[in-house]
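Each remark here refers to the structure printed beneath this line.
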Amino acid sequence: MIKVLQIGLGPLGQKIGRYISERKGVTTIAAVDKNPQLIGQDFGSLCGLTASGFPVQESVASAIAAQKPDVAVLSTVSDMERITGQLEEIIKHGIPIVSTCEELSYPWECAPELANRIDEVAKANNVAVVATGVNPGFLMDSLPSFLTAVCQDVESVNINRYQDAQYRRIPFQQKIGAGLSLEDFEAKKKSGTLRHVGLTESMQLIANRMGWKLDKTEDIIEPVIAQEEIKTKDLTVAKGDALGVMQTGRAYVGDELKISLQFKAAIGVPESYDEIQIKGNPNINSKINGGVNGDVATCAITINAIPQILRSTPGLKTMADIPLVAFFS
Numbered sequence: 000m001i002k003v004l005q006i007g008l009g010p011l012g013q014k015i016g017r018y019i020s021e022r023k024g025v026t027t028i029a030a031v032d033k034n035p036q037l038i039g040q041d042f043g044s045l046c047g048l049t050a051s052g053f054p055v056q057e058s059v060a061s062a063i064a065a066q067k068p069d070v071a072v073l074s075t076v077s078d079m080e081r082i083t084g085q086l087e088e089i090i091k092h093g094i095p096i097v098s099t100c101e102e103l104s105y106p107w108e109c110a111p112e113l114a115n116r117i118d119e120v121a122k123a124n125n126v127a128v129v130a131t132g133v134n135p136g137f138l139m140d141s142l143p144s145f146l147t148a149v150c151q152d153v154e155s156v157n158i159n160r161y162q163d164a165q166y167r168r169i170p171f172q173q174k175i176g177a178g179l180s181l182e183d184f185e186a187k188k189k190s191g192t193l194r195h196v197g198l199t200e201s202m203q204l205i206a207n208r209m210g211w212k213l214d215k216t217e218d219i220i221e222p223v224i225a226q227e228e229i230k231t232k233d234l235t236v237a238k239g240d241a242l243g244v245m246q247t248g249r250a251y252v253g254d255e256l257k258i259s260l261q262f263k264a265a266i267g268v269p270e271s272y273d274e275i276q277i278k279g280n281p282n283i284n285s286k287i288n289g290g291v292n293g294d295v296a297t298c299a300i301t302i303n304a305i306p307q308i309l310r311s312t313p314g315l316k317t318m319a320d321i322p323l324v325a326f327f328s
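Numbering of the sequence shown is given in numbering that gives the first Met the number 0, commencing with residue 0 and proceeding in unit increments.
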């Protein structure tokens, strides 16, 4: 039985807790969150399960006082600046980590000093660390990289992820700016608080696997504008306001466009799908009609990565570095 310490019990962390409860061979034995409203609550009850018998703790040390877990699942923040200290606290207890932090999925270019710091601490404590999720972590980086395994040559990679955000959790809808006026959308965009985190990291992971040295990357953020008022069970979007975001990533070697990623997440997108187009020998076109539900997939891949991070060599890893992740029961 794999014993899990869960850290971060927002909507995503709670769903991961429910998914773990449905699996054989893995169980949550302790939980941590900094939110005063959650500390002391029974973990199982918080996640909508039967009472677990252990309360949510405010620190890793207090959570593992009774017994040490085999692995930690960390679902807290998206950026390297804030995640680094959290990772170090866990690593120093000798606990491997699977995280949902988007910038951690490939931090070697955007945050090399922090990446090296985490890598060194992990190796010193003989544990492995990986970040995963549906995107980044799978659909727009590790999956297309794996699909090129049958190619003799690859000229370029193009990926499209379109999804109707009304079926995603509220924090996700807020993150993509659904319901904001265009002025508020632009203000949040400029502050860096409105964007899908991870496009640049996905491009860098793909380039690393292809052996491409990128000379330039772009991450362009634009609002998807409502042409009429739209109401969902969670919010009302007025005509002229933002339904969500269209984010485009481009990566160049010299002047040649090698990687193009289009991420459109907005209320009422008419067709949800995930599409990978590889130009090479042979050409590969793969399309998942209906798209992959991001909340379900992120929780599932986080759990499915647990056995592989336990098998991995020490250090900070990417999804391309650890043994192939697949469903387990």
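A virtual CB, placed ideally from N, CA and C, is assigned to each residue, including glycine.
C-alpha gap between residue i and residue j, whole angstroms
i: Gly9; j: Gln56; result: 14 angstroms
i: Gly152; j: Asn282; result: In the sequence under discussion, the amino acid at residue 152 is Asp, which differs from the Gly named in the question. Going from the Cα of Asp152 to the Cα of Asn282 covers about 9 angstroms.
i: Ile15; j: Leu45; result: 12 angstroms
i: Ile6; j: Ile117; result: 18 angstroms
i: Val149; j: Thr27; result: 39 angstroms
i: Val31; j: Ile38; result: 8 angstroms
i: Phe327; j: Asp183; result: 44 angstroms
i: Leu256; j: Lys215; result: 9 angstroms
i: Tyr18; j: Leu179; result: 32 angstroms
i: Ile336; j: Leu204; result: This structure leaves residue 336 out entirely; the chain is present only between 0 and 328.
i: Arg81; j: Lys91; result: 17 angstroms
Residue i and residue j closer than 8 angstroms at C-beta
i: Lys174; j: Val223; result: no
i: Val3; j: Val25; result: yes
i: Ala329; j: Val129; result: Nothing can be reported for residue 329, as the shown portion of the chain is limited to 0 through 328.
i: Met202; j: Ile258; result: yes
i: Leu198; j: Gln162; result: no
i: Val70; j: Pro54; result: no
i: Val268; j: His195; result: no
Reduced DSSP secondary structure (H/G/I, E/B, other) of residue i
i: Gly293; result: helix
i: Tyr105; result: coil
i: Thr26; result: strand
i: Arg160; result: strand
i: Pro111; result: helix
i: Met79; result: helix
i: Thr247; result: strand
i: Asp69; result: coil
i: Leu86; result: helix
Unbroken alpha helix (DSSP H) run spanning residue i, endpoints
i: Ser20; result: Pro10 to Ser20
Limits of the beta strand (DSSP E) - the one that residue i falls within
i: Gln307; result: Run containing Gln307: none in the beta strand (DSSP E); it sits in the alpha helix (DSSP H), Ile305 to Arg310.
i: Leu4; result: Ile1 to Ile6
i: Leu146; result: First-last for Leu146: Ser141 to Leu146, but that is the alpha helix (DSSP H), not the beta strand (DSSP E).
i: Glu314; result: The question names Glu, but residue 314 in the sequence shown is Gly. Here the beta strand (DSSP E) through Gly314 covers Gly314 to Lys316.
CB contact below 8 angstroms: residue i versus chain D
i: Gly16; result: Absent here is chain D; the protein component of the structure consists of one chain.
Runs of alpha helix (DSSP H) wholly within the segment 171 to 243 (minimum 4 residues, chain order): Runs of the alpha helix (DSSP H) lying entirely within the segment 171 to 243 and spanning at least 4 residues, in chain order: 181 to 190 and 198 to 209.
Contained alpha helix (DSSP H) runs [length at least 4] in the segment 27 to 62, N- to C-terminal order: 42 to 45 and 59 to 62
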